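If you count the sequence shown from 1, you need to add 32 to reach the numbering used here. Glycine included, every Cβ here is placed at the ideal spot set by N, Cα and C. Everything numeric in this text was worked out from a predicted model, so none of it was measured.
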Amino acid sequence: MPYISVMFVGVFAGLQLGKMGMEKERLWGAENPDFLPAQVRDELLFSGKVAPIPTYSWTPFVRDEDRNLSQHPWYQPHGDQQEEFFMTKIGQGQGFLITKEDVEKLGKDPSKLVRIPDDWGYGDKVYPASFDISHQLHCIHSLQRAIHQKPHNATHLLDVIDTQHTDHCLWSMYDYMRCHGSLDVMNLKWVEGVPKPVQDLTLQRQCIDVQAILDFQENHDFGHDARIRYMVATEDDYIHPVSPMRKKVRDANLARQRKLLKGKDWLTERKKRFDRAMEEWRETGSIPQTDANVIWTGPGSLHYWHDDEE
């Protein structure tokens, strides 16, 4: 648990900002801020909303070191409070739209990514996107659920967590740390009742105001648009191939989801919702809104929706 907590804190640490000019300015983990979508640079990076904040990350070994830490949802018994913390504080499921130029700056081929039609009313921002920090925190959430042995006889789509998902999250966190290579320095300390020195995981870091990132994502969130939430691939879309092993696991996941959907075919039900949204939009000219009781788990998730009434 202490090591996972350190991972959690580490997700926030290390952004070194400061407007020094496009040639010199660097983000931790990015060679050049030009990689960022223009709107992200303007509203977050250059506005100073995510400027470095000197802070300490307290070791979880001796909780008395920070009175507030013991009250953090992370340290409460695993249950609804932790679930609420992760689902409401990390921006999970939110996303925003970026332009073709933004995609190309990311070094990606726009023709191989999800794209919404030009006539949906979002101007030149037609490519769904989200912040990596949301994915990293989602992985922490998933690992925590797995550690606490969330039962696999799930009654909810969000409980469908398998070995492949856990391995994916472990790799994601490893790759993040390998890429960013923290230079934070730890010491040793004596702790009452412990006969040998223990690591002092209290670190002074340059962190950022993650809430500013989440606020940006919420303010530009497209999740209310049922056309985007229930999108399905067309004949013209590029379909990325998967390995036979991954396909086997993927099919097993979908089978489990179909079971939770009471026998309904996953893709068929999704297509029905998309068709209803498109019909409403064509008839009214207004953006069709998503159902209030639908759980949106992000543009990259297999389980795009769950409706308790059906």
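Out of curiosity, what's the CA-to-CA distance linking Arg-95 and Pro-160? With a pLDDT of 42 at Arg-95, under the threshold of 50, the modelled position of that residue is not reliable, and the figure given next carries that caveat. Computed Cα separation, rounded: 41 Å.
May I have the straight-line CA-CA distance separating Leu-59 from Lys-303, to the nearest angstrom? Any reading at Leu-59 needs caution, since the residue's pLDDT is 46, under 50, leaving its predicted position unreliable; the model's value is listed next. So the two alpha carbons sit approximately 40 Å from each other.
According to the Cβ coordinates, are Ser-162 and Gln-71 closer than 8 Å? no
Cβ neighbours of Ser-143 in the same chain (closer than 8 Å, five flanking residues each side left out): Tyr-270
Give me the residue from Cys-171, Asp-232, Gly-213 with the minimum Cα distance to Trp-222. Asp-232
Can Glu-137 and Asp-66 be called in contact, C-beta distance under 8 Å? The residue asked about is misnamed: residue 137 is Lys in this sequence, not Glu. Their beta carbons are under 8 Å apart, which means Lys-137 touches Asp-66 by this criterion.
Compare the beta carbon distance of His-256 and Thr-322 with 8 Å and say whether it is the shorter of the two. yes
Assumed close pair Ser-135, Asp-241 - CB separation to whole angstroms, cut-off 8 Å: Note that residue 135 corresponds to Val in the displayed sequence, not to Ser. Not a contact, Cβ separation roughly 27 Å.
Name the residue from Tyr-208, Pro-227, Val-217 whose alpha carbon lies nearest to the alpha carbon of Arg-237. Val-217
Measure the C-alpha to C-alpha separation of His-272 and Glu-224 and round it to an integer number of angstroms. 55 Å
Where Ala-265 falls: helix, strand or coil (DSSP): coil
In DSSP terms, what Ala-178 is bridged to: Bridge partners of Ala-178: none, in fact.
From what residue to what residue does the beta strand (DSSP E) around Leu-246 run? Taken as a continuous stretch (DSSP letters only), Leu-246 belongs to no beta strand (DSSP E), being part of the alpha helix (DSSP H) at 242-251.
Contact belief for Ala-265 with Arg-305 at Cβ below 8 Å, rounded distance in angstroms: 15 Å between Cβ atoms; not a contact.
Could you have a look at Ala-161 and say whether DSSP puts it in helix, strand or coil? strand
Paired residues, beta bridge with Arg-73 - DSSP: Its beta-bridge partners do not exist; DSSP assigns none.
Can you tell me the Cβ-Cβ gap for Ser-214 and His-197, rounded? I've got them flagged as a contact below 8 Å. About 25 Å; that fails the 8 Å criterion.
Across which residues does DSSP place Gln-231 in a beta bridge pair? Leu-220
Looking only at DSSP bridge pairs, what is Thr-131 linked to? Lys-157
Sorted by chain position, which residues of the same chain lie with C-beta nearer than 6 Å to Met-54's C-beta, five sequence neighbours on each side aside? Model confidence at Met-54 stands at a pLDDT of 37, short of 50, so the residue's coordinates are unreliable; what they give is reported in the following sentence. None.
Following the continuous alpha helix (DSSP H) through Arg-29, name the residue where it begins and the one where it ends. Absent from the structure is residue 29, since the part of the chain shown begins at 33 and ends at 342.
Can you tell me which of the three DSSP states Asp-257 falls into? strand
Could you tell me the alpha carbon to alpha carbon distance between Arg-308 and Glu-267, rounded to whole angstroms? 20 Å
Do you know how far the Cα of Pro-105 is from the Cα of Asp-207? 26 Å
Starting from the C-beta of Leu-299, find all residues in its chain whose C-beta is less than 6 Å away, skip the five residues before and the five after it, and write them out in chain order. none
Taking a contact to mean a Cβ-Cβ separation below 8 Å, would you say His-180 touches Ser-204 in this structure? no
Rounded separation between Met-277 and Ser-79 - CA only: 45 Å
For Gln-108, name the three-state secondary structure that DSSP assigns. coil
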